[in-house]
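Visitor: First the structure, which I've put down as structure tokens, then a few questions once you've had a look.
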Amino acid sequence: MNLLIVDDHPLFRDALASAIGSAFPESAILEADGIVGAMAILAADRTIDLVLLDLTMQGVVGFDGLVSIRSRFPRVPILVVSGLEDPRIMREALQHGAAGFVPKAVDKATLTRAIADVLGGGLSVPAALSGPGASLAAPATRLAERIARLTPQQLRVLLMIRQGKLNKQIAHELQVGDSTVKAHVSEILRKLDVISRTQIVIQTALLDFDRIQTSGTGSAARPDL
1 MNLLIVDDHP
11 LFRDALASAI
21 GSAFPESAIL
31 EADGIVGAMA
41 ILAADRTIDL
51 VLLDLTMQGV
61 VGFDGLVSIR
71 SRFPRVPILV
81 VSGLEDPRIM
91 REALQHGAAG
101 FVPKAVDKAT
111 LTRAIADVLG
121 GGLSVPAALS
131 GPGASLAAPA
141 TRLAERIARL
151 TPQQLRVLLM
161 IRQGKLNKQI
171 AHELQVGDST
181 VKAHVSEILR
191 KLDVISRTQI
201 VIQTALLDFD
211 RIQTSGTGSA
221 ARPDL
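Here full-length UniProt numbering is used: position 98 in the sequence shown is 98, and no number is missing along the way.
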């Protein structure tokens with residue numbers, strides 16, 4: 001597997017890479033000291049399986065780094081590895097699309113388990129969050145219910161938006177006009193109660209779209225939320 005560590009502290013990057021390397025000796029580990037470098041690596045190497053991201057890097061405000069990576073590379077899971085241990089921040093990181101949150105103070109076994117959970121398609125919720133199922137499942141369930149209101153064509157457009165495709169690309173693949181795609185996008189925004197394509201990607205990160213495609217319904221909130 002290929003992992004990308006994004007942290008502006010070189011000593012921590014080295015320590016994290018060493019811990020991952022000993023737990024997953026077959027892994028290839030890349031490093032970036034900021035969001036710009038991480039985006040360049042992700043654009044050049046589409047084989048990255050997991051991003052391990054620090055939230056508090058120089059030049060990064062709040063969840064901007066997490067949101068930037070999620071919106072441009074929605075298929076790559078992100079495990080936040082942060083010195084911040086405020087449950088509110090942990091919860092917000094998950095709601096912004098992180099697949100897990102690990103405080104930097106955890107032991108190697110906890111880190112290894114979190115990485116394995118996320119790589120296995122699950123969500124790694126820190127122990128500090130009491131009742132995580134209730135706090136995270138409700139927003140995901142509401143969003144899934146809104147997605148259930150989409151027409152089959154709107155759902156196809158939504159999936160393409162999540163893949164980062166532009167309206168012209170969507171129109172070409174669906175063999176419809178640009179105006180038709182714009183109308184679908186407007187309806188998707190209205191039905192999901194979001195204001196932008198980026199917000200679509202962030203909000204739907206909590207959902208399992210493989211289940212949506214096979215079931216044809218919006219009841220796709222991750223079962224482990």
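Note that the Cβ used here is the ideal one computed from N, Cα and C, for glycine as well.
Model, not experiment: these values are computed from the prediction.
1) How would you write the range of the alpha helix (DSSP H) that Leu192 sits in, first residue to last?
2) Which word fits Val36, buried or exposed, when buried means at least 16 other C-beta atoms lie within 10 angstroms of its C-beta?
3) Any idea what DSSP makes of Ile115, helix, strand or coil?
4) Indicate the three-state DSSP secondary structure (helix, strand or coil) for Gly37 in the structure shown.
5) Should Gly65 go down as buried or exposed, given a rule of 16 or more other Cβ atoms within 10 Å for buried?
6) According to DSSP, simplified to helix, strand and coil, what is Ser82?
7) For Phe24, which of helix, strand or coil comes out of DSSP?
8) Helix, strand or coil: which one does DSSP assign to Val76?
9) So, using beta-carbon positions, are Thr110 and Ala23 closer together than 8 Å?
10) Please state the DSSP three-state secondary structure of Pro152.
11) Between Ala32 and Pro25, what straight-line distance do the alpha-carbon atoms span, to the nearest angstrom?
12) Just how far apart, CA to CA, sit Gln95 and Asp7?
13) Does DSSP put Ser18 in a helix, a strand or coil?
Guide: Taking the coordinates as given:
1) Asp178 to Leu192
2) exposed
3) Correct three-state label for Ile115: helix.
4) helix
5) buried
6) The answer is strand: DSSP assigns Ser82 an E or B state.
7) coil
8) coil
9) no
10) helix
11) 20 Å
12) 21 Å
13) helix
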